[in-house]
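Chemist: Going by full-length UniProt numbering, the first residue of the sequence shown is number 2, and it counts up by one from there.
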Amino acid sequence: TDARSVNFGAGPSALPDSVLQEACKGLLNFKGTGIGVAEISHRSKEFTSLVAELENNIRTQLDVPPTHKIIFTQGGGTGQFSAVVLNMLARHRLLHPDLSDEQRVMDYVITGSWSKKALEEAKRLGGASVHVAVDAREYSKDSRSFDGIPAHEHFDFSADPALIYYCENETVDGVQFSNDGQSPASFPFHLLPPGSSGLWPLVADYSSSFMSRKIPRLADHAVIYAGAQKNIGPAGLTILIVRQDCIVDVDAAAKLGAVPVPITLSYKAIADASSLYNTPSTLPMYIASLVLERSRNLGGTEYFESLNRKKAQKVYSMLKEGEAKGVYRPKVREGSGSWMNVVFDVLGDNAEAKFLAGAEAKGMTALKGHRSVGGIRISLYNAITEEQTDKLVAYMKEFISQNA
Ligand code: PMP
Numbered sequence: 002t003d004a005r006s007v008n009f010g011a012g013p014s015a016l017p018d019s020v021l022q023e024a025c026k027g028l029l030n031f032k033g034t035g036i037g038v039a040e041i042s043h044r045s046k047e048f049t050s051l052v053a054e055l056e057n058n059i060r061t062q063l064d065v066p067p068t069h070k071i072i073f074t075q076g077g078g079t080g081q082f083s084a085v086v087l088n089m090l091a092r093h094r095l096l097h098p099d100l101s102d103e104q105r106v107m108d109y110v111i112t113g114s115w116s117k118k119a120l121e122e123a124k125r126l127g128g129a130s131v132h133v134a135v136d137a138r139e140y141s142k143d144s145r146s147f148d149g150i151p152a153h154e155h156f157d158f159s160a161d162p163a164l165i166y167y168c169e170n171e172t173v174d175g176v177q178f179s180n181d182g183q184s185p186a187s188f189p190f191h192l193l194p195p196g197s198s199g200l201w202p203l204v205a206d207y208s209s210s211f212m213s214r215k216i217p218r219l220a221d222h223a224v225i226y227a228g229a230q231k232n233i234g235p236a237g238l239t240i241l242i243v244r245q246d247c248i249v250d251v252d253a254a255a256k257l258g259a260v261p262v263p264i265t266l267s268y269k270a271i272a273d274a275s276s277l278y279n280t281p282s283t284l285p286m287y288i289a290s291l292v293l294e295r296s297r298n299l300g301g302t303e304y305f306e307s308l309n310r311k312k313a314q315k316v317y318s319m320l321k322e323g324e325a326k327g328v329y330r331p332k333v334r335e336g337s338g339s340w341m342n343v344v345f346d347v348l349g350d351n352a353e354a355k356f357l358a359g360a361e362a363k364g365m366t367a368l369k370g371h372r373s374v375g376g377i378r379i380s381l382y383n384a385i386t387e388e389q390t391d392k393l394v395a396y397m398k399e400f401i402s403q404n405a
């Protein structure tokens with residue numbers, strides 16, 4: 002492991018060394034079965050007990066109430082852009098069979114590239130009209146960038162939508178809702194309409210912040226989902242927390258005119274089969290189970306919340322120092338900055354390339370921002386330690402002194 006760089010990549014991203022070492026053993030001989038985890042039947046008792054452990058580790062560490070099921074699937078966050086629409090439209094169809102597609106509405110909160118992508122998929126699928134509850138670009142400094150969470154007065158929700166969609170952490174743009182319930186950048190739960198079922202159809206993409214801290218108002222969500230490849234494990238596993246009233250008979254809804262749902266996207270098909278309707282992503286699930294076992298031993302989401310807060314504070318305060326000296330320019334307004342993905346520009350000719358090369362020379366890698374926005378992106382997922390963060394912050398400071 003000496004030759005390993007510190008990986009600040011946005012996903013797939015760093016995994017703890019201890020987990021990778023343990024996973025090597027499981028690849029050869031899983032739980033003493035004499036065969037590796039990538040070779041064993043997903044229906045073996047050893048593997049089904051792993052699924053139960055994985056679920057239990059999520060349920061206990063996030064305090065998921067019995068009203069919600071935890072299900073495992075594939076297809077990534079992008080698969081869920083489609084699945085949430087199809088399942089929530091089926092639910093709404095069963096509640097309101099007589100509405101036309103125009104009368105049926107889906108609300109989208111747009112705070113960055115990923116919620117925008119989800120919106121595009123909702124429009125593609127049809128079956129309802131789409132209402133943008135807010136588009137953060139309209140309230141940004143330059144009127145076209147995603148640079149923060151808009152003020153609550155700008156949110157406008159429909160009365161009884163089939164779903165209300167938001168992305169909790171925008172991985173590309175570095176914008177995240179606050180988790181303290183007080184700050185202006187918190188999600189405006191108090192503005193949500195009660196809706197006809199009395200339960201909010203609230204859907205949240207937690208792909209890049211899942212298990213990094215507690216989820217505010219988790220029990221009030223219809224669906225929370227996350228691809229595993231940031232905080233939890235390798236790509237190929239998608240984790241869902243779904244309130245039971247959103248696990249509906251999609252075939253009954255289709256008979257009433259709803260869009261038919263491919264079986265691998267049906268929450269009911271997956272949930273009824275305890276996430277083993279078809280072959281799941283066994284190897285990613287194994288590694289995720291090791292990651293979450295380690296998290297539990299360290300103190301769960303409380304531990305990571307305090308660690309991640311500290312890491313983010315250190316980076317943002319150095320960023321501020323660099324801003325004051327004219328070396329760095331944050332891309333996100335104060336108060337909306339993500340704990341997981343810190344994005345900024347390095348000012349000056351060729352300065353960004355110099356910053357990246359200097360970091361590489363010190364064994365710190367994958368700091369280049371997403372191609373759509375450029376600049377630097379520092380991803381501080383759970384596997385990044387405080388010492389690794391300190392090393393980066395020291396480098397940011399050195400870079401300021403050499404370039405101010
Ligand atoms: N949502 C968010 C917030 C993401 O960061 C990503 C991937 N980086 C996605 C959705 C898409 O996920 P996937 O690549 O697993 O389809």
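A virtual CB, placed ideally from N, CA and C, is assigned to each residue, including glycine.
Source: prediction; values computed, not measured.
Could you check where the alpha helix (DSSP H) with G301 kicks off and where it finishes?
Modeler: Per DSSP, G301 belongs to the alpha helix (DSSP H) from G301 to A325.
Chemist: To the nearest angstrom, how far is the alpha carbon of L293 from that of A352?
Modeler: 39 Å
Chemist: DSSP state of L238, grouped into three classes?
Modeler: coil
Chemist: What did DSSP end up calling E353 once you bin it into helix, strand or coil?
Modeler: helix
Chemist: At a cut-off of 7 Å, is W340 close to the ligand PMP when judged by its beta-carbon and the heavy atoms of the ligand?
Modeler: Between the ligand PMP and the CB of W340, the shortest heavy atom gap is not smaller than 7 Å.
Chemist: What would DSSP say about S275, mapped onto helix, strand or coil?
Modeler: coil
Chemist: Based on the DSSP secondary-structure assignment, which residues constitute the bridge partners of F188?
Modeler: DSSP lists no partner for F188.
Chemist: Can you confirm whether the stretch 111-119 touches the stretch 131-143 when touching is taken to mean that 3 or more C-beta pairs between the two stretches lie within less than 8 Å?
Modeler: yes
Chemist: Let's see if you can read the secondary structure: which residues bound the beta strand (DSSP E) around R330?
Modeler: From DSSP, the beta strand (DSSP E) with R330 extends over Y329 to P331.
Chemist: For R60, which option in P331, I240 and D350 has the closest C-alpha, if you only look at C-alpha atoms?
Modeler: I240
Chemist: Which runs of the alpha helix (DSSP H) fall wholly inside the stretch 40-113 and span at least 4 residues, in chain order?
Modeler: Those alpha helix (DSSP H) runs which fall completely within the stretch 40-113 and span 4+ residues are 46-63 and 77-96.
Chemist: Restricting to Cα atoms, I'd like to know which of P189, G234 and R244 is closest to P217.
Modeler: P189
Chemist: With hydrogens ignored, establish whether the beta-carbon of T34 is closer than 7 Å to any heavy atom of the ligand FAD.
Modeler: With respect to small molecules bound, the structure shown includes the ligand PMP and not the ligand FAD.
Chemist: Determine, using beta-carbon pairs with one atom in the stretch 22-36 and one in the stretch 197-217, whether at least three such pairs fall under 8 Å.
Modeler: no
Chemist: What number of angstroms, rounded off, separates the C-alpha of Y167 from the C-alpha of I150?
Modeler: 11 Å
Chemist: Do you know offhand how far H43's Cα is from N298's?
Modeler: Near 26 Å, if we compare the C-alpha coordinates of N298 and H43.
Chemist: Could you tell me the boundaries of the beta strand (DSSP E) in which F205 lies?
Modeler: Per the sequence presented here, residue 205 reads as Ala, with Phe not at that position. L203 to D206 is the extent of the beta strand (DSSP E) around A205.
Chemist: Taking the continuous alpha helix (DSSP H) assigned at I254, which residues delimit it?
Modeler: According to the sequence provided, residue 254 is Ala. The question's Ile does not apply to it. Where A254 is concerned, the enclosing alpha helix (DSSP H) stretches over V251 to K256.
Chemist: Using the C-alpha atoms, what's the distance from R105 back to E387?
Modeler: 48 Å
Chemist: Using a 10 Å radius around the Cβ and a threshold of 16 neighbouring Cβ atoms, would you call D221 buried or exposed?
Modeler: exposed
Chemist: According to DSSP, is V292 part of a helix, a strand, or is it coil?
Modeler: helix
Chemist: To the nearest angstrom, how far is it from the Cα of A360 to the Cα of S282?
Modeler: When only Cα atoms are considered, A360 and S282 end up about 34 Å apart.
Chemist: Name the DSSP beta bridge partners of D346, please?
Modeler: R330
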